[in-house]
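Written below as structure tokens is the structure these notes are about.
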Amino acid sequence: MSSVVAFFFDVLAYSSIFVLVVLGLGVIASMMGIFNFAHGEFVLLGAYTVYAFEQVGLPSWAGMTAAPFIVALIGLVLERVAIQRFYATPVIAMLGTYAIGLALREGVRTLLGGQFYSVTAPLVGSFAFGDITVSKWRTTIIIITALVMVGCWFLLARTRFGLRVRASLENPALARASGISTSRVYAATFAFGSALAGLAGGLMVPIYSVSADMGVPFLIKAFLAVMLGGMGSFEGAIAGAALVGGSSAALPWAIKPVVADVLVFIIAIAIVKLRPGGLLSSWGKRQ
Amino acid sequence: MGETAMTQDKRNVESEQRRLFLQRASVLTGMIALGGGSYILNPKGAWAADPIKVGIATDLTGPIGYAGIPNSNVAKMVIEEINAAGGLLGRPLQMVLEDTASNEAAAVTKVRKLVQKDKVDVVLGGITSSMRNAIKDTIVNRGKTLYIYPQLYEGKECTPYLFCTGPTPAQQCDTFIPWLIKNGGKKFYLPSADYVWPHVLNEYARKTIVKNGGEVIGEEYFPVDHNEYSATINKIMSSGVNVVFNTTIPPGVAVFFKQLYEAGFQKKGGRLACVYYDENCLNITPANEIEDLATCLDYFKALNDPFGNTLQAKYTKLFGTKNPFTAGSASTGMYRGLMLWQVAVKEAKSVKREDVAKAMDHAKVAEGPGGGFEIVPGSLHTKMNMYIAVAKAGKYEVVEKSNGPVMPAECG
């Protein structure tokens, strides 16, 4: 019994962390049609913010609150300086953002001296129900992820800003003709995606410790999740993330972890082959 | 019509600018990828003789940078010390440092440059076993150059002209595993990163565990950067394991230790052990999560030995505290390597590989951090003292010392 509960909790917790990471990548990919390969490093910057706050004596929750804003600002500057030049050519965008990511990663490595540092979670320890222990901080992440998911959906589907974003995606020329500054909308969307990455980094740093490479293992799987969900739909990216994250956590219970890691990719590639439009293509919006 | 032409024009200009931007960006990335990371440290003062060239190939960047940075620091410190004391054979030492960037493919090019272009007289470096395996042939066989490998590793490296100055499995396990059985229990679990070091070390550890009356409940391998261990932790918690003998490495190890702690392994009396854990690793997880973690290495700051303390003070003065001088990150191995090589060059009165290797075969240094050390003749490996330490509130306490230097038990 206790291991069944542990199983479901751990799969849910890991999927939540993963969804949080994918959200930002998914927003940028689905709204602007480019893959941000510096996304892992934006996550890293969020984590580093929390670490830097702790270094100057501020509590970690303050760093977690500030992380999305600081990373959004960095994202905004990068978008204005470099990334906006890549919109016309998605392949160049991948390479360009990858290069930016590399520069950010090595920069943080220099700041950290290549070391790994732990950050204390605002909630330490675990809830114990008899034999079952449930990490307090992972529980918090599950709740925050749910809230952020609903918030994002609301922002993109129900607000004026969301309408402009979707309009700019569907038909940039018509959007411009209707008086929407697509360039500004793109900048804001990119900053928003960056903020989500910063939040993800800030929230997960107590679990993973800050180190220059902390974003790397997430990037490829997040990329896979967005592919799986379909480029054009925000809900699809979340579904893809839940599937990739869930299977990454669940498969090692049954088979060797090294095999499981590969199997996640094989399953995902098979699904992409069967449903090239993405998981939710039949009932989502079609491109 | 005119307007369209203008837009067309503007587009051409924009596309021109974009092309230019991309060209520059790609040139820059190319420079970063290939050009950087080569440094020459010239001896201070005026010297009449040509310098002896010491090649240091280590990971200043990339995931292994945490060990490569202090490694290059130690080399710099020792080489400057030797120069200040009059050099070797009347010649100064020049340090040629290459950043192998935690990337085996790039590293081969870097060491080829060291042996072919710079024509160094000896190469020290490499941290991971995969790095050593990648660069050794270029240095030793094709480059005909002496190679000294400083990190603790899985053993079985018996290439001629390749000397190992870090601890071997025998040195790390022979006293440590009986201690763990006495101070933990008989049931072991071996969670490991999936690369050569854990695989081969576990083979040795398993043998030693069984020989001492213990039992291996499980042995499991994860991708190096794995970040979800709940399945394994559930197996550990439900099978009454006493000792977790961990060989997962950073970054994955941080998550593993945290999940293990949160599941209450230590609270229920379990003992966590990890043979590469040193002062450098204490930051990876909060102190309370690795309370009572046991490790076995050739030096700890907590030893408080006069020689080690002097060395620490000097190192800290030069390089600060961000990348400390420790055993698990190959700093002590780098120190031993340079000192043994120095002794050998003095005895051989030459820097020719054959002469130095012959003298190196029985080289001996009376004092070092954690005690004296020497090459065991015919073995290419180093005999050294070993210590068992336990983490207490973010520091180590040395709980047991080996009975004199421990034999590496490698290569015949």
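Residue numbers (our numbering), protein chains in the order written: chain S, 848 to 1134; chain B, 330 to 741. We treat Cβ as the ideally placed atom computed from N, Cα and C, and that holds for glycine.
Query	Result
Near-chain S residues of the region 577-604 of chain B - C-beta to any C-beta below 7 angstroms	579, 580, 583, 584, 587, 591, 592 and 593
Same chain, Cβ closer than 6 angstroms to residue 861 of chain S, neighbours up to 5 away in sequence not counted	1092 and 1096
Proximity of residue 1051 of chain S and residue 988 of chain S at Cβ, strictly below 9 angstroms	yes
6 angstroms CB neighbourhood of residue 731 of chain B in its chain, flanking five on each side removed	504, 714 and 715
Environment of residue 1058 of chain S [buried if 16+ CB atoms lie within 10 Å]	buried
Chain-ordered residues of the region 954-981 of chain S with a beta carbon less than 7 angstroms from chain B	956, 960, 961, 962, 963, 964, 965, 967, 973 and 980
Span of the beta strand (DSSP E), counted from its first residue to its last, around residue 424 of chain B	422-428
Sub-9 angstroms separation of residue 1069 of chain S and residue 856 of chain S beta-carbons	no
Residue 577 of chain B CB to nearest heavy atom of the ligand MG below 8 angstroms	For the ligand MG, the structure offers nothing, since it holds no ligand at all.
Check whether residue 576 of chain B and residue 522 of chain B have beta carbons under 9 angstroms apart	yes
Sequence-distant residues of the same chain with beta carbon closer than 8 angstroms to residue 541 of chain B, five excluded per side	506, 507 and 510
Pairwise C-alpha distance: residue 426 of chain B and residue 363 of chain B	Model confidence at residue 363 of chain B stands at a pLDDT of 46, short of 50, so the residue's coordinates are unreliable and nothing is read from them.
Interfacial residues, the region 524-557 of chain B to chain S, with Cβ spacing under 8 angstroms	549, 550, 551, 552, 554, 555, 556 and 557
Segment limits, alpha helix (DSSP H) that includes residue 983 of chain S	983-1005
Endpoints, beta strand (DSSP E) assigned at residue 664 of chain B	Per DSSP, residue 664 of chain B belongs to no beta strand (DSSP E); it is in the alpha helix (DSSP H), 660-677.
Cβ neighbour criterion (16 or more within 10 Å) applied to residue 445 of chain B	exposed
Residue 520 of chain B: first and last residue of the uninterrupted beta strand (DSSP E) it sits in	516-522
Anticipated Cβ contact below 8 angstroms, residue 1030 of chain S with residue 931 of chain S, distance rounded	7 angstroms
Closer than 8 angstroms at the beta carbon, the chain S residues around residue 651 of chain B	960 and 962
Whole-angstrom distance between residue 918 of chain S and residue 1042 of chain S, CA atom to CA atom	6 angstroms
Under 9 angstroms between C-beta atoms of residue 626 of chain B and residue 404 of chain B	no
Sub-9 angstroms separation of residue 1049 of chain S and residue 914 of chain S beta-carbons	yes
Backbone CA spacing between residue 602 of chain B and residue 464 of chain B [nearest angstrom]	31 angstroms
Residue 632 of chain B and residue 727 of chain B closer than 9 angstroms at C-beta	yes
Residue-chain proximity (residue 730 of chain B, chain S), Cβ-Cβ < 9 angstroms	no
Counted within 10 angstroms of its Cβ, other Cβ atoms place residue 733 of chain B as buried (16 or more) or exposed	exposed
DSSP-derived helix/strand/coil call for residue 975 of chain S	strand
Whether residue 699 of chain B touches residue 639 of chain B by CB criterion (9 angstroms)	no
At least three beta-carbon pairs within less than 8 angstroms, the region 1097-1110 of chain S to the region 548-560 of chain B	yes
Inter-stretch contact at 8 angstroms, needing at least 3 Cβ pairs: the region 673-692 of chain B / the region 431-445 of chain B	no
Short CB-CB distance (under 9 angstroms) between residue 618 of chain B and chain S	yes
8 angstroms Cβ shell around residue 708 of chain B - same chain, five flanking residues per side excluded	737, 739, 740 and 741
Residue 656 of chain B to residue 1123 of chain S span [Cα, whole Å]	52 angstroms
Coil, strand or helix - residue 1053 of chain S by DSSP	helix
Meets three-Cβ-pair contact criterion under 8 angstroms: the region 387-404 of chain B and the region 955-971 of chain S	yes
Beta carbon proximity, residue 613 of chain B to chain S, threshold 9 angstroms	yes
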